[in-house]
Every structure is written in structure tokens, then in C-alpha cells.
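Protein chains in written order, with this note's numbering: chain A, 1 to 380; chain B, 1001 to 1259.
All residues carry an ideal CB built from backbone N, CA and C; glycine is no exception.
Since we're looking at a predicted model, the values are computed, not measured.
Heads up, the thing below is written out as C-alpha cells.
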Amino acid sequence: MDFNISKEQKQLRKETIKFALNNLNDNKYVEKFSREMWEKISNFGILGITVDEKYGGLNESYLTAAIVFEALGYACKNNGLIFVINNHIWVAQNLIYLYGSQVLKDKYLCDMTAGKRIGAIAITEAESGSDALSMTTMAVEDGDDYILNGSKMFISNGPIADIFIVFAVTQTEPNKRITAFVVEKNSEGLKIGSDIEKMGLGACPTSEIIFENCRVPKENILGRFNQGSILMTSALEWERVYEFVPHIGAMQRIMEKCIEHTKGRKQFGKSISEYQAVSHKIADMQVSIEMARLMLYKIAWLKDNNKTAFNETSIFKLYVSENYIKTCRDALQIFGAYGYTKEYEIERELRDALACSIYSGTNEMQKNTIFKIASTSIFM
Amino acid sequence: MNIIVCVKSVRSEFVGSEITIDNNYLMNPYDLFALQSAIDLKLQIDCNVTCVSMGASVIKDSLVKCYALGADNVVWLKDSVFAGSDTVATSFILYKAIKEISKYDLIVCGGVAVDGETGQVPAGLAQRLNIRYVPGVKEIIEVTKDSVLLKTSCEKYDNILKVKLPAIISFSEFTTTTKNFSLITLKRAQKKDINIYTSSDLGIDESMCGIKGSKTKVLDMESNFNKKDGERIIGNSSEAAKLIKKLVIGKSGVKNYDE
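If you want it as C-alpha cells, here you go:
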């Protein structure tokens, strides 16, 4: 196995870090979405990183995308902004790219890779979170269209999105089936709720979206009719990787901050880095970063070779989210009272990190999945 | 119009840039300024910009960056026998390369390389090519197919000079920041061909380059960015004010500081 990164990949990583450090860390926009930041990101060309060049993308491998997004997470402290980018790319644009008809690809992809249209995915409802298939938003056929009625909740990018990938029930008997639709923001009958104030990820606006006899043309069905659960599974698989790749970069950033602080901070006559209670926390951070990277490279390899990575992504999501939170929690402890202040931004990192045990499928659900994997897998 | 830009890569510790990631070599800041000035001329006149750079594999990133910044061609003078060349040997190698390229109206250089600061190569190159040389350029004001209008600086005043082409100019200005370019631009730059010239391509004998062709030899190089040991003191604003007062009064003898 060759774990080397090519020179080209290193250069892309370097330029991404430089771009993020120079352009994306304005404190004014850490707690609110900025169109100006979005335009800079669009112009940088990162949005279409794995999309074919004919749709304005870079046609890079999933491994290169992983390297670039880890670099983005490292250099950009605005975790909410990265969350916006990831939601747009991996669970909206990517689904159209992989499963959309030629009509849908031609209609939306170029605008999405250029950042002219922002995407969002709408699965969760007020009464269906982990139990996603218990959703009640209905889509009923009406001539050349489908009529959607219902609502979706906690939709990341909701207030700023132009395109929604909406999952709705299209069959109830004999079995419940769902279908994915591409719904444009200005569709009649679509209402966007107000921004929901959250504990963290302030730069990523979140809202309810409501469908009241919302008309969607049949040509906007994404993937196959009544086969939305396959798309949903795929969407969650992508989300579990690329939503969490930048967290590895964030862990690296936080660890470096801790190392710098512990060298300068002296107590009882010596640097606190010399106390094992402190240095072992940093050692734990380093271990988790390396392990996360190894898992990531395997997943990227699977994706680049058109293989499914459902099991691996579940384990990856669980591991990265638990250790990202632990890294932030340990950083808070290392920084002490300073970490508790706003100025040092450690408290914000922790507030941002806590969400990742919930989104993309809660960690409890991942453990259920992993238990099933463990129970049925054969070593040889 | 044909413009040649001579570019050198130097160890990153000499650049002193805050952002040094992954790579030990960065473009010499004076050459970077020169290159960006040359690229800006494309807005004024139809021109072809060729970058010429000598070095080992470590400089590849800088060469790709030349394309990303807008160069039309990149020539890499790559041969182990070039290693250790002083300014005499370097100007000879560059001279041979430029003769090989053959088409040039304006040659643009940084005034000095931050790792050596001799400032001799542009002058040596001008001597060998037998063309006009103007050092201390701050800005290219205007360029036509026959001449270039320059702002140059001396110690106490600036000059505006009109210089007939062909000519070599070197810049007294520098920069460590490049204009933002997109990943798309970088990817396209990575795919472009870099023309490699070796000593045999240029007809250069070993005795005329490298250590053998040099009149001087660099024995050692060290950075003079002395990072002094410091102590980090964490405290509240009242404690900080007391400390500053102690340090300031202690050094300058200021007596009328009120608490």
C-alpha cells in the first residue's frame, strides 16, 4: 500500500491552507453566514473538486478531495462555514452528479460548482430524526408534476439554499416507499422558516422548510421513483465521510494550539507541557488524528475504486466525532480559565464540535450499525 | 513582445513569510515581484512571458506557481553540474539559456536574492548579452514594442526613465504574497509542460558552471532572522500595564508616568 501523497496533492493542500488563512478567518463572520466568504470560496474552485470538468469541476479523486478538505478544516477556523460548504457539495451537488438524469445535471451542476446556487438536503422532520423512514411529507402525482405537502426540520443551509434535495413518501401500501426530488427555492408552495439559533456552527443557517401544495415537475425526480431510500443511504455515506474530514484538520489545529500554549505556560516553575497530565492529553490527540487519517485514506480508496464504504463510514463517523469532541474538551482543560473565555475561541470549537455526535446519524445509531457489522462480518 | 523573467527559489527561512507550509523553498520575493509586474504588462500590451529558473527538484512548486500566476512558458535549467554556481557561473548559464530561447525584448529580474544579496546576476547577464541594464526599478509605468517607461529609485529621489529595448531591468521592490488564484488555475498549471534544459542542451562545459566554473564558493549560509528567547507572561490588563510601566521606565527613564 502506497501511502505517499503526490507532489500535486501537496501543492493543492498548501494552496488551500494559504487561501483559507488569508481569506476565511474574519472574526466578523464566525457566527453568521457571509455571501462575501461564499463568493471567495466559489472563486477558489473548491466546490466542484470531484465533479467532471464539463460541469465546471476539477475532476479530482476522492483522495485528493480528502486531502484538500482536511487542509480546509485545518486552516479555516470557521467551522460553520465549512459545514455550509460540505452540505452543499456532498449531500446536494454530489447526489445530482451521481444519480441525476442528464436533464438535472445540465440544469443544475454548472451553477452549483460555480457557487451560484447553494444546495441543501431535506430528510429530517420534527417527528422523524434517527427513524428517517417514518417521515410523513407526501408527494402525490398530478399530471406532469408531483405535489408535495409536509415539512422538514433542522435543514442546514435552509435559509440560503437555492436547491433542495427533498425526500418524500410516494407509496404507503403495500410498503412505504420514498422518492427524492430536486426542489427549487422559488417553487410555488415552498416556504422557508426563520433561522434557528443553535449552540454552535453559527455561520451555517438552519431552518424549517414547509411544503404547501408545492408543485415539482416529474423530471426533477432524483434517481429512481420509489427508490429514495437507496439515495438516502448513499447521501448519509458521503456525509459521514466528508462532513467529518475537516474535523481531522480542526483537531490538528487545536492540538497545535495546545502545544504552543503548554510550552509558554509555566506553573510551579516549569512548562505545563512537562506534566504528564497535560502532555498525555496531547498524545491522545495525535493518536486520534493519525488513526482518523488512516481510516479516511481507506475510505477514499474505496470510493475512488467505486466500492461501497457503508460499514467503514459508520465507524469513521463515530471515531472522528468522539475524538473531535474529546480533543476540544481536553483543549478546554489544558487552557484552563483562558479556554473558558471567548477570546481564546476554545469554547467555540467545543460548541461547534458537539453537534457532530448528532448530525449524519447520531453516534448511538452508528453503534447500532457497527454492532450489526461486527455480528455478521467474517475475518477471513 | 517577448519578456523573460529570471526566477530563483530560496530556502523558506530566508523569506521570513508567516505562512511556510510543507515546502522548504519559496520564490525569491524580489523575483516574485518582478514576475507579477511582468504579468501585469499583459493588460497593456500583447506579450509572451517566459520564466527561467535554475535549481534542483525542490523548486518544482515555484515553477508551477509561475504558470498559475500567468506565465506562458517556464524553462527549468536542471543539471547537477549547475549546483554550487556563484553569480559569475549563474549569469553565464542564464545567458546561454536566454540565447537558446532567443526571442526577448525585455528581461526582468529581482534586484537581489534574499539568500545571497549580491545583486550581481542581472548586471552580469546584461554584460554578457551586451544590452542596457537598469537597476533599482520600483515600477514599470508603461511599455511599448520599442521602449519601456520606468520609475527607479535612488537613495533620496525617484527617477522616471525611458529605456529603449532590448533591456534588462531589476526591481528594488519585493513581495511575499501572491495574488489569489483558484484551484482550477493551479490544476491547469500543474498539467502544463515545463521545458527542461541541461548543460548539454545549452552546450555548457562543466568547467564553465557549478563549483568548477565559479570564482567564489559559498562555505556556509545562515539566516539572520534572530528569534530571541522570550518569556510569555499571561495576566490581566492591570498586571500588564504595571509590567509595561516597569519596562518602559526602566529603559527610557520616563518619570512622569501616572499610575
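From TYR324/A, LEU47/A, VAL245/A, pick the residue whose C-alpha is nearest to that of THR113/A; which is it?
Working through the first sequence from its first residue, we reach residue 113/A at position 113. Measuring from the Cα of THR113/A, the nearest candidate turns out to be LEU47/A.
Distance check for THR1216/B and ILE1168/B, CA to CA, integer angstroms please.
Position 168 of the second sequence, counted from the first residue, corresponds to residue 1168/B. Position 216 of the second sequence, counted from the first residue, corresponds to residue 1216/B. Using only the alpha carbons, I get a separation of about 24 Å.
For the stretch 1189–1209 of chain B, which residues have a beta carbon sitting closer than 8 Å to at least one beta carbon of chain A?
The residues in question are GLN1190.
Keeping to the same chain, check which residues put their C-beta closer than 6 Å to that of SER1062/B; ignore five residues upstream and five downstream.
Sequence index remark: in the second sequence, residue 1062/B carries index 62 (1-based). The answer, listed in chain order, is SER1009, MET1027.
Would you check if the stretch 338–355 of chain A and the stretch 288–307 of chain A touch, i.e. whether three or more CB-CB distances between them fall below 8 Å?
no
From the beta carbon of ILE1184/B, is the nearest beta carbon of chain A less than 9 Å away?
Start at 1 with the first residue of the second sequence, and residue 1184/B comes out as number 184. Output row for ILE1184/B: interface = yes.
Hey, is ASN1028/B's beta-carbon within less than 9 Å of any beta-carbon in chain A?
Counted from its first residue, the second sequence places residue 1028/B at position 28. Using a Cβ-Cβ cut-off of 9 Å, ASN1028/B does not count as an interface residue toward chain A, since no Cβ of chain A sits closer than that to its own.
Report the residue from LYS298/A, ASN220/A, GLU322/A, LYS326/A whose alpha carbon sits nearest the alpha carbon of THR64/A.
As a first step, residue 64/A is located in the first sequence; it is residue number 64 there, counting from the start. Sorting LYS298/A, ASN220/A, GLU322/A, LYS326/A by C-alpha distance to the C-alpha of THR64/A places LYS298/A at the top.
So, is LEU236/A buried or exposed, given that buried needs 16 or more other C-beta atoms within 10 angstroms?
As a first step, residue 236/A must be located in the first sequence, where it is residue number 236. When all chains shown are included, LEU236/A counts as buried.
Let me see if you follow: with CB-CB separation under 9 Å, is VAL68/A close to chain B or not?
On the first sequence, residue 68/A is found 68 positions in, with the first residue counted as 1. Taking Cβ atoms only, chain B reaches closer than 9 Å to VAL68/A, which makes this a yes.
Using C-beta distances below 8 Å, list every residue in its chain close to ARG1128/B, excluding the 5 sequence neighbours before and after it, in chain order.
Counting from 1 along the second sequence, the entry for residue 1128/B is found at position 128. The answer, listed in chain order, is SER1091, PHE1092, TYR1095.
Can you tell me where the beta strand (DSSP E) with LYS257/A in it begins and where it stops?
Along the first sequence, one-based indexing puts residue 257/A at 257. Element bounds for LYS257/A: not the beta strand (DSSP E) but the alpha helix (DSSP H), 245–264.
Where the beta strand (DSSP E) containing ARG1011/B begins and where it ends
Here residue 1011/B refers to the residue found at position 11 when the second sequence is read from its first residue. Segment 1009–1011, the beta strand (DSSP E) holding ARG1011/B.
When DSSP labels each residue in this structure, what does SER1091/B get in the three-state scheme?
Your numbering for residue 1091/B matches position 91 in the second sequence. Of the three classes helix, strand and coil, the one that applies to SER1091/B here is helix, per DSSP.
Over what stretch of residues does the alpha helix (DSSP H) that includes THR376/A continue unbroken?
Numbered from its first residue, the first sequence carries residue 376/A at position 376. It spans 363–376 - the alpha helix (DSSP H) in which THR376/A sits, taken as one unbroken run.
Does GLY143/A pass the burial test, meaning 16 or more other C-beta atoms within 10 Å, or should it be called exposed?
If you number the first sequence from 1, residue 143/A lands on position 143. Exposed is the call here.
Against ILE163/A, what residues of chain B qualify as contacts under a CB-to-CB distance less than 7 Å, listed in chain order?
Start at 1 with the first residue of the first sequence, and residue 163/A comes out as number 163. Those do not exist, as ILE163/A stays about 22 Å from chain B at its closest Cβ, beyond 7 Å.
So LEU1035/B packs on LEU1077/B, CB below 8 Å; how close in whole Å?
Residue 1035/B sits at position 35 when you count from the first residue of the second sequence. Residue 1077/B sits at position 77 when you count from the first residue of the second sequence. About 16 Å; that fails the 8 Å criterion.
Work out the CA separation of TYR1133/B and GLN1287/B for me, nearest whole Å.
Residue 1287/B lies beyond the residue range present for chain B, which begins at 1001 and ends at 1259; the question has no answer from this structure.
May I have the straight-line CA-CA distance separating ASP1040/B from GLU8/A, to the nearest angstrom?
Against the second sequence, residue 1040/B aligns to sequence position 40. Against the first sequence, residue 8/A aligns to sequence position 8. Those two C-alpha atoms are separated by around 26 Å.
If you drop the 5 nearest sequence neighbours on each side, which residues of the same chain put their C-beta closer than 7 Å to that of ALA1087/B?
Mapped onto the second sequence, residue 1087/B falls at position 87. Here residue 1087/B is Thr; the residue named in the question, Ala, does not match the sequence. Excluding positions up to five away in sequence, the list reads THR1118, GLN1120, VAL1121, GLY1124.
I need the DSSP call for LEU1106/B, collapsed to helix, strand or coil.
Counting from 1 along the second sequence, the entry for residue 1106/B is found at position 106. Looking at LEU1106/B - three-state DSSP - the assignment turns out to be strand.
Taking CB distances under 9 Å as the criterion, tell me whether VAL1064/B reaches chain A.
One-based indexing of the second sequence puts residue 1064/B at position 64. So yes, VAL1064/B belongs to the interface.
Need the endpoints of the beta strand (DSSP E) that ASP145/A sits in, please.
As a first step, residue 145/A is located in the first sequence; it is residue number 145 there, counting from the start. Judged by DSSP secondary structure, ASP145/A falls within the beta strand (DSSP E) whose first and last residues are 145–156.
Which residue spans inside the stretch 1187–1220 of chain B form an unbroken beta strand (DSSP E) run of at least 3?
1195–1197
Given that PHE19/A touches chain B, what residues does it touch there, using C-beta distances under 8 Å?
Numbered from 1 along the first sequence, position 19 holds the residue referred to as residue 19/A. In chain order: ASN1180.
Proximal residues to CYS1051/B (C-beta, below 6 Å), its chain only, five neighbours per side dropped
On the second sequence, position 51 is the one that residue 1051/B refers to. Counting only residues of its own chain and dropping the five nearest sequence neighbours on each side, CYS1051/B has a CB closer than 6 Å to the CB of VAL1005, VAL1007, CYS1066, ALA1071, VAL1074.
From the DSSP secondary-structure annotation, give me the bridge partner or partners of ASN1159/B.
Position 159 of the second sequence, counting from 1, holds the residue named residue 1159/B. Paired residues: THR1152/B.
Chain-order list of residues whose beta-carbon lies under 6 Å from that of SER1037/B (same chain, five-residue window excluded)
Locating residue 1037/B in the second sequence gives position 37, where the first residue counts as 1. Excluding sequence neighbours, SER1037/B sits near ILE1140.
Buried/exposed call for GLN267/A, threshold 16 Cβ in 10 Å:
Translated into positions along the first sequence, residue 267/A becomes position 267. By the neighbour-count rule (16 or more Cβ atoms within 10 Å), GLN267/A is not buried but exposed.
For chain A, is any of its Cβ atoms less than 9 Å away from the one on THR1176/B?
Position 176 of the second sequence, counting from 1, holds the residue named residue 1176/B. Answer no: the Cβ-Cβ gap between THR1176/B and chain A never drops below 9 Å.
For the stretch 327–340 of chain A and the stretch 278–287 of chain A, state whether three or more C-beta atom pairs, one from each stretch, are separated by less than 8 Å.
yes
Should GLY269/A be labelled buried (16 or more other beta-carbon atoms within 10 Å of its own) or exposed?
As a first step, residue 269/A must be located in the first sequence, where it is residue number 269. With fewer than 16 other Cβ atoms within 10 Å, it is exposed.
Say whether chain A places a C-beta atom closer than 9 Å to the C-beta of ASN1256/B.
As a first step, residue 1256/B is located in the second sequence; it is residue number 256 there, counting from the start. No answer about ASN1256/B holds up, because its pLDDT of 47 lies below 50 and its placement is not dependable.
Can you tell me which of the three DSSP states ARG224/A falls into?
Here residue 224/A corresponds to residue number 224 of the first sequence, with the count starting at 1. DSSP places ARG224/A in coil when its eight states are reduced to three.
Residues of chain A with CB under 9 Å from LYS1078/B, in chain order?
The count along the second sequence starts at 1 and reaches residue 1078/B at position 78. None at all; the shortest Cβ gap to chain A is about 15 Å.
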